[in-house]
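Top line first, the protein sequences correspond to chains A and B.
Quick note on numbering: the working numbering labels position 412 of the first sequence as 564, and the sequence is numbered without any gaps.
Quick note on numbering: the working numbering labels position 115 of the second sequence as 267, and the sequence is numbered without any gaps.
Have a look at the structure below before the remarks.
2 protein chains.
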Amino acid sequence: MEQTKAYIAANRERFLDELGALCGQPSIAALGIGLEETATLIEDRLTGLGAQVRRISIGAGAPIVYAELGEGERTMLIYNHYDVQPADPMNEWESPPFQLTQRDGRLYARGVADCKGDLMCRLQAIEAYQATVGLLPLRIKFLIEGEEEVGSPHLAAFAEQYPDLLQADGCLWESGGKDVARRFLLEFGVKGLCYVELKVRTASSDLHSMWGGVVPDAAWRLVWALNTLKDADDRILVNSLMERVRPPTELERQHLATIPFDEDKVKEIFGISAFIRGLTGVDLLVEHFYMPTCTISGLKSGYIEQGQKTVLPCTAMAKVSFRLVPDLTPDLVADLLRAHLDRRGFSDIEIEILGGIMPARSPMNAPFARACVEAARVTYGVEPIVYPTSPGSGPLYQLCRGTPAAMAGVSHTNCHIHAPNENIYLEDYFQGIHFVGELIRRFSE
Amino acid sequence: MEQTKAYIAANRERFLDELGALCGQPSIAALGIGLEETATLIEDRLTGLGAQVRRISIGAGAPIVYAELGEGERTMLIYNHYDVQPADPMNEWESPPFQLTQRDGRLYARGVADCKGDLMCRLQAIEAYQATVGLLPLRIKFLIEGEEEVGSPHLAAFAEQYPDLLQADGCLWESGGKDVARRFLLEFGVKGLCYVELKVRTASSDLHSMWGGVVPDAAWRLVWALNTLKDADDRILVNSLMERVRPPTELERQHLATIPFDEDKVKEIFGISAFIRGLTGVDLLVEHFYMPTCTISGLKSGYIEQGQKTVLPCTAMAKVSFRLVPDLTPDLVADLLRAHLDRRGFSDIEIEILGGIMPARSPMNAPFARACVEAARVTYGVEPIVYPTSPGSGPLYQLCRGTPAAMAGVSHTNCHIHAPNENIYLEDYFQGIHFVGELIRRFSE
């Protein structure tokens with residue numbers, strides 16, 4: 153173990169260069185940019201570790217990189233994605249988004265937190281293990297896709313066609329890291345997602361706003377329709393949606409009460425004076441982990457440049473993302489939304505489903521979960537914090553079903569994930585490499 | 153008169169070339185593009201007519217071109233503006249916006265309807281009169297500004313500094329033209345305008361939408377705030393606003409009943425199945441001419457490109473334009489809006505006032521109004537339709553106060569004003585030249 157540490161320290165600069173090369177390659181699934189190139193870069197790194205690598209395509213989807221290496225009784229599946237979110241708004245970045253930049257002890261780049269940092273640190277942990285200990289004591293399967301940020305539209309088909317490739321005793325998931333107090337977290341589930349675009353057209357072209365008294369305005373139609381979805385107290389109003397949500401059990405609430413969640417620090421980092429409805433304590437965590445969300449992620453109509461344009465817009469668009477908890481499914485939510493809008497007289501609002509992810513939670517007492525907790529204890533020197541689920545989403549349901557999974561990564565709460573100036577801490581990155589080495593040891597024991 | 157007609161016919165191609173040159177010069181007040189260049193182009197044309205031309209600047213405003221020519225008992229003020237609306241969305245134009253294009257008997261270009269067509273046709277009418285009849289029988293004053301599309305922010309100061317320049321017996325205003333049945337219209341007033349930008353910030357940066365359950369979303373705040381301004385029946389809810397509106401008198405309603413307004417044709421042209429609230433007949437015209445509006449002209453928050461981005465936006469913006477009738481003023485409406493939002497708990501919504509125009513109506517029985525009606529009768533061969541006001545806006549209040557004014561132009565209802573594919577009819581343009589010549593004759597008699 154000391155030898156492994158020394159190896160990692162000796163290769164520190166090269167490891168950062170490798171991470172820089174991966175982050176320097178744009179790979180934006182929403183815009184179809186750089187996906188093939190990034191897949192090739194990762195395949196080459198896996199081949200260098202001695203892995204058997206396969207590039208698998210499902211339909212017109214971005215390449216899925218699958219790889220196997222090591223031998224042993226147990227199998228650990230590692231899930232990552234090489235795609236990232238778009239980088240806009242570009243003008244809010246303090247350094248170029250596709251150029252890994254070190255500043256104040258952090259590494260900045262689009263995707264460094266979500267999840268190129270996790271991916272590269274896992275590859276380097278395996279290199280360090282092989283170089284200092286020898287053959288891997290367990291079988292590792294890598295499943296690295298390129299469409300996570302657009303809802304993994306081809307992963308269900310992959311899981312159906314290649315069920316054997318996903319057989320494993322535990323799955324190390326992407327994402328995760330440290331909380332605002334820099335305490336290491338383990339998360340044992342994901343929320344689902346139903347991402348829709350609402351669109352409305354009210355006339356054949358934009359008009360002069362002098363017609364605003366008598367001709368319908370698309371922006372108003374959209375505002376009124378949206379307003380029926382959530383009230384000003386942030387309560388979701390979509391008919392029959394909240395009735396399907398299981399509140400946490402008494403045991404789950406007791407677990408939440410043990411989680412140290414630094415509310416003031418979170419508020420300070422996000423620049424907010426209060427959480428929604430003034431929530432605090434266990435109630436805040438219930439909302440965060442056990443309840444669905446309904447977020448307007450995008451809104452556009454008419455003239456949005458500087459100054460005035462007195463136009464009556466004929467089209468309007470909103471991107472709405474629902475995060476889902478069991479037993480909500482993307483299809484169910486889309487159906488409820490359609491029925492809700494129709495019932496309120498908004499049949500003219502078109503719903504385009506841009507992506508769906510099933511929610512999933514994984515048991516916290518499986519051997520894999522215990523190995524994660526032990527590896528975290530050794531690496532970070534303290535007991536890790538356990539979240540019942542990530543409030544984010546991922547295709548855990550499609551890939552893992554019966555396999556216990558854990559999120560344990562190199563990110564942190566204020567990493568600006570999906571936003572400008574995405575970052576991780578330099579030291580978290582190297583601790584992450586150590587953690588993966590420890591996990592390989594513990595899970596193969 | 154036959155000589156004048158022959159002159160116009162002989163110079164048809166050159167007249168169109170001159171219009172093409174004016175439309176080919178971009179002059180976007182909202183973006184500060186091409187204003188000086190366009191002012192110079194117009195000054196040169198006026199000088200060519202023998203006018204005394206002055207370029208007047210108020211503060212940092214775009215140049216105001218003022219010119220005088222002719223001698224006689226009466227004075228006619230001509231008001232135009234050389235600035236135009238921005239051309240976006242660019243991809244919806246069928247020919248380049250700043251290249252005058254003839255297609256199916258129409259002329260397409262940004263500004264050709266609003267109001268470079270009016271301006272050039274008036275200059276050419278004077279040329280034709282001088283070339284075929286001789287000296288102008290009345291004094292003409294031109295007031296041509298470059299900031300109408302951003303609410304004429306410097307015109308009130310101009311009127312205060314140069315009251316003598318505005319002295320006149322009648323004012324030929326910009327805009328106006330034919331209705332959907334291609335009947336010539338005269339309009340004797342304008343609505344006012346209060347154009348505001350509503351802005352809200354809910355956090356220090358955009359966040360991953362996994363925080364949507366507990367951290368406020370700027371787009372939602374804006375939607376809820378907007379929703380309090382107008383109900384889904386398009387009734388303005390801003391506290392105390394509608395109470396200040398004078399409904400039309402019985403005489404005014406009787407006049408409205410005489411106006412031929414082809415509702416089916418308007419609906420067909422705009423691609424709508426019904427007017428707001430299913431309005432029809434006199435009620436529709438009351439709403440159109442005698443009531444204020446509240447239009448969302450622009451809306452933006454978060455991610456608006458293709459595909460999904462699961463972001464929780466920290467800022468949101470709406471551009472809202474109110475068209476005003478007497479006795480609403482821009483300041484009053486802005487004050488009412490602020491008080492309304494505060495009262496509903498939306499003090500966090502910032503209001504930036506981007507522009508204000510006073511409403512104004514002018515008497516329909518003044519000598520100038522009668523001269524307009526007679527000139528229209530002669531030019532178009534039928535009785536013109538008289539509107540009590542344009543539903544659009546313009547700085548009539550600042551410039552005319554006591555002077556009777558009329559809108560009589562070369563535009564038409566389906567001219568796509570302020571929108572892509574703005575156009576006028578080729579024949580309307582040449583009829584407009586004849587009309588101005590007739591007006592010069594009738595008003596000087």
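The beta-carbon is built from N, C-alpha and C at its ideal position, and this holds for glycine as well.
Quantities reported herein were computed from a predicted structural model and do not represent experimental measurements.
| Check | Outcome |
| --- | --- |
| If contacts are defined as beta-carbon pairs under 8 Å, then A370 (chain A) and S304 (chain A) qualify, I think. What distance do you get, rounded to the angstrom? | A370 (chain A) to S304 (chain A), Cβ: 32 Å. No contact. |
| Applying the criterion that 16 or more other CB atoms from any shown protein chain within 10 Å of the CB defines a buried residue, is Q155 (chain A) buried or exposed? | exposed |
| Who are the Cβ neighbours of P572 (chain A) in its own chain at under 7 Å, not counting the five residues just before and after it? | P241, E244, W245 |
| I think G546 (chain B) touches E279 (chain B), with their Cβ atoms under 8 Å apart; what is that distance to the nearest whole Å? | Rounded, the Cβ-Cβ distance is 25 Å, inconsistent with contact. |
| Interface residues of chain A around E457 (chain B) at Cβ under 9 Å? | A182, L183, P238, D240, G450 |
| Looking at Q177 (chain B): is its Cβ nearer than 8 Å to the Cβ of L198 (chain B)? | no |
| Quick check: what's the CA-CA separation for C446 (chain B) versus F498 (chain B)? | 18 Å |
| Determine, using beta-carbon pairs with one atom in the segment 269 to 277 of chain A and one in the segment 160 to 178 of chain A, whether at least three such pairs fall under 8 Å. | yes |
| Using a C-beta to C-beta distance shorter than 8 Å, which residues of chain A count as neighbours of Q460 (chain B)? | A182, E301, V302, G303, Y347, S449, K471, S473, L506, G507 |
| Find the nearest neighbour of A212 (chain B) within the set B:E223, B:A239, B:E299, judged by alpha-carbon distance. | B:E299 |
| Counting pairs of beta carbons, one from the segment 357 to 366 of chain A and one from the segment 551 to 564 of chain A, are three or more of them closer than 8 Å? | no |
| Unbroken beta strand (DSSP E) runs of length 3 or more, entirely within the segment 254 to 315 of chain B: which are they? | 258 to 260, 291 to 297 |
| Below 8 Å on C-beta distance, what does S361 (chain A) contact in chain B? | T445, T447, S449, S473, R475, H570 |
| In the DSSP assignment, find the beta strand (DSSP E) that holds T156 (chain A) and state where it starts and stops. | Segment 154 to 162 is the alpha helix (DSSP H) holding T156 (chain A); no beta strand (DSSP E) there. |
| Just checking my contact of S473 (chain A) with S449 (chain A) at CB under 8 Å: how many whole Å lie between their CB atoms? | 5 Å |
| Counting only runs of 3+ residues fully inside the segment 391 to 444 of chain B, write out the beta strand (DSSP E) ranges in chain order. | none |
| When you compare only the Cα positions, how much space is there between K157 (chain B) and Y581 (chain B)? | 13 Å |
| Please name the residues in the segment 422 to 439 of chain A whose beta-carbon is closer than 8 Å to at least one beta-carbon of chain B, in chain order. | F422, G423, I424, F427, I428, L431, L436, E439 |
| Buried or exposed: which applies to R258 (chain A), given that a residue is buried once 16 or more other Cβ atoms fall within 10 Å of its Cβ? | buried |
| On the premise that Y442 (chain B) lies in contact with T284 (chain B), defined as a C-beta separation below 8 Å, what is that separation, rounded to the nearest angstrom? | About 43 Å separates the two Cβ atoms, so there is no contact after all. |
| Could you tell me which uninterrupted alpha helix (DSSP H) segments, each at least 4 residues in length, are contained entirely in the segment 456 to 525 of chain B, listed from first to last along the chain? | 482 to 495 |
| So, for A311 (chain A): in the same chain, excluding its five sequence neighbours on each side, which residues have a beta-carbon less than 7 Å away from its beta-carbon? | L318, Q550, L551 |
| Which chain E residues are close to G298 (chain A), counting only those with a beta carbon under 8 Å from its beta carbon? | In the structure shown, chain E does not exist; the protein chains are A and B. |
| At a Cβ threshold of 8 Å, is T354 (chain B) touching chain A? | yes |
| Let me check one thing: in DSSP terms, what residues is W325 (chain A) bridge-paired to? | A:M559 |
| Mind pulling the chain B residues with CB within less than 7 Å of L378 (chain A)? | V375 |
| Interface residues of chain A around A384 (chain B) at Cβ under 7 Å? | W376 |
| Starting from the beta carbon of L464 (chain A), find every residue of chain B whose beta carbon is closer than 8 Å, and list them in chain order. | T447, S449 |
| I believe E349 (chain B) touches K461 (chain B) by the beta-carbon criterion, under 8 Å. Please report the beta-carbon distance rounded to the nearest angstrom. | Not a contact, Cβ separation roughly 24 Å. |
| Tell me where the beta strand (DSSP E) around R353 (chain B) begins and ends. | 344 to 353 |
| Express the C-alpha separation of E189 (chain A) and L506 (chain A) in angstroms, rounding to a whole number. | 25 Å |
| With contact counted as at least three CB pairs below 8 Å, one residue from each stretch, are the segment 286 to 294 of chain A and the segment 215 to 222 of chain A in contact? | yes |
| Per the DSSP calculation, T227 (chain A) is bridged to which residue(s)? | A:R291 |
| Quick check on A371 (chain A) - is its C-beta less than 8 Å from some C-beta in chain B? | yes |
| In terms of alpha-carbon separation, which member of A:E404, A:R334, A:P368 lies closest to I576 (chain A)? | A:R334 |
| Check the C-beta distance from L288 (chain A) over to I585 (chain A) and give it rounded, since I have them as a contact under 8 Å. | Contact doesn't hold; Cβ gap of about 15 Å is too wide. |
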